[in-house]
Amino acid sequence: MTTAELRIDAAGPADVQDIAAIYNSTLPPAPAGIAIPGMPRRMGLEEAQGWLRLHELSHRPLWVARSAGQAIAWLSHLGYFDRPGCEATAELAVYVARGWQGCGIGRQLVERAVAHALDGGYERLLAQIWSDNHASLALFSKAGFLPWGRLPGAVRIGARRCDMVILGMELRRDGAA
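Each residue of the sequence shown is one higher than the one before, starting from 18 at the first, in this note's numbering.
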């Protein structure tokens, strides 16, 4: 995959099915038909539509990456803490469809988010990543994000717990991160 083959656009209503499908493809497998307390919920179309609407209302980008017209990944700029004084911080969330992970798509999305962050009014970016998600931890670390904190046992996946790792980046107008 080359950069020329990857197209990144703002998500629109036609993308909600792809957003849900990509998100769901990244979830750990659960036994069919068995509800396990603490397992991450699959995203339905209504939830994906609400996700898109939330981004539109808050004027925060939600981008979809495509290869040959097929949606293969997305990146969300979430409000870190939607209270007064926190609007200059955004949380990035990246989801890459299973068959496309490890191809550099997440890196391109994060690089683009960092490059456009100041224009979007952000001074700080952060990512909250499950401690056992080594690929995402490496992705954000390589992009220049630094450890900012850890929430021990904050994530429950069935009977298992793991930490939530917080990585962050402070941005400056001179182009340095």
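Ideal placement from N, C-alpha and C gives every residue a C-beta, glycine not left out.
Can you check whether the CB of residue j is closer than 8 Å to the CB of residue i?
{"i": "Ala-28", "j": "Leu-69", "result": "yes"}
{"i": "Thr-43", "j": "Arg-115", "result": "yes"}
{"i": "Trp-91", "j": "Ile-36", "result": "yes"}
{"i": "Ala-107", "j": "Leu-142", "result": "yes"}
{"i": "Leu-163", "j": "Gly-185", "result": "yes"}
{"i": "Asp-32", "j": "Val-81", "result": "yes"}
{"i": "Gln-125", "j": "Leu-188", "result": "no"}
Rounded to whole angstroms, what's the CA-CA distance from residue i to residue j? Just pull it up for me.
{"i": "Val-113", "j": "Arg-190", "result": "30 Å"}
{"i": "Gly-61", "j": "Arg-83", "result": "21 Å"}
{"i": "Glu-63", "j": "Ile-89", "result": "20 Å"}
{"i": "Pro-169", "j": "Pro-30", "result": "37 Å"}
{"i": "Arg-167", "j": "Ile-183", "result": "6 Å"}
{"i": "Asp-180", "j": "Ala-144", "result": "13 Å"}
{"i": "Leu-79", "j": "Ala-134", "result": "13 Å"}
{"i": "Thr-19", "j": "Ala-160", "result": "Its pLDDT being 45, under 50, Thr-19 is placed unreliably in this model, and the value from its coordinates should be taken loosely. Roughly 18 Å separates the two Cα atoms."}
{"i": "Gly-96", "j": "Gly-121", "result": "25 Å"}
{"i": "Phe-98", "j": "Ala-105", "result": "10 Å"}
Which residues mark the beginning and the end of the beta strand (DSSP E) in which residue i is found?
{"i": "Trp-117", "result": "First-last for Trp-117: undefined, no H or E at that position."}
{"i": "Glu-64", "result": "Unbroken run through Glu-64 is the alpha helix (DSSP H), 62-75; no beta strand (DSSP E)."}
{"i": "Pro-101", "result": "It is not in any beta strand (DSSP E) - Pro-101 carries neither H nor E in the DSSP assignment."}
{"i": "Gly-166", "result": "163-174"}
{"i": "Gly-96", "result": "87-96"}
Could you spell out where the alpha helix (DSSP H) holding residue i opens and where it closes?
{"i": "Asp-35", "result": "33-42"}
{"i": "Leu-154", "result": "151-159"}
So, is the C-beta of residue i closer than 8 Å to a C-beta in chain B?
{"i": "Leu-92", "result": "In the structure shown, chain B cannot be found, because there is only a single protein chain."}
Where does residue i sit, in a helix, a strand or coil, going by DSSP?
{"i": "Val-59", "result": "Going by the sequence as given, residue 59 is Arg instead of Val. DSSP places Arg-59 in coil when its eight states are reduced to three."}
{"i": "Arg-124", "result": "helix"}
{"i": "Glu-187", "result": "strand"}
{"i": "Glu-140", "result": "coil"}
{"i": "Ala-134", "result": "helix"}
{"i": "Val-113", "result": "strand"}
- Item | Stretch-stretch touch, CB-based, cutoff 8 Å, three pairs: the stretch 169-186 with the stretch 147-161 | yes
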